[in-house]
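Take a look at the structure below.
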Amino acid sequence: LINLIANSIKFTPSGGYIHLKAETADAGIMFSVKDSGCGIASEDRPYIFERFYRADKSRNRMTGGSGIGLTIVKAIVEAHGGTIDVQSESGKGTEFVITLPFNNKTERLG
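Numbering (my numbering), first residue to last: 5 to 114.
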């Protein structure tokens, strides 16, 4: 979640919003990070989880980002049996949704 929040901060202008949400469902827990930032262009969306991919071609290691953050997030989520999805529109913001299953040791209260 830290990487997703950091990306939202980086790409959301002053006066924009970043919403964080966590909720449970029967199968697991869902985390959402939604912002009103610059969004991700439709042509970039298929590649954002690829190692070293940067949607903003003007960015480099000197100006920020290595292009591996989302790759690492996806690998960690999938290692725990979860999924990560993105909805975004250029100029209108982005929402990442992580869903993680409850494991056999998780005891639900209530």
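In this text, a Cβ means the ideal position worked out from N, Cα and C, and glycines have one as well.
Residue 34 and residue 28 have their C-alpha atoms spaced approximately 6 Å apart.
Proximity to residue 88 across 106, 39 and 80 peaks at 80, based on C-alpha coordinates. When the beta-carbon positions are compared, residue 77 and residue 24 stay at least 8 Å from each other. For residue 93, the enclosing beta strand (DSSP E) starts and ends at 87 to 93. For residue 74, the uninterrupted alpha helix (DSSP H) run begins and ends at 73 to 83, by DSSP. In the DSSP assignment, residue 10 falls within the unbroken alpha helix (DSSP H) covering 6 to 15. A direct Cα-to-Cα measurement between residue 101 and residue 90 gives close to 6 Å.
Annotation for residue 105: the continuous beta strand (DSSP E) segment containing it runs 97 to 105. Here residue 97 is buried. Its C-beta has 16 or more other C-beta atoms within 10 Å.
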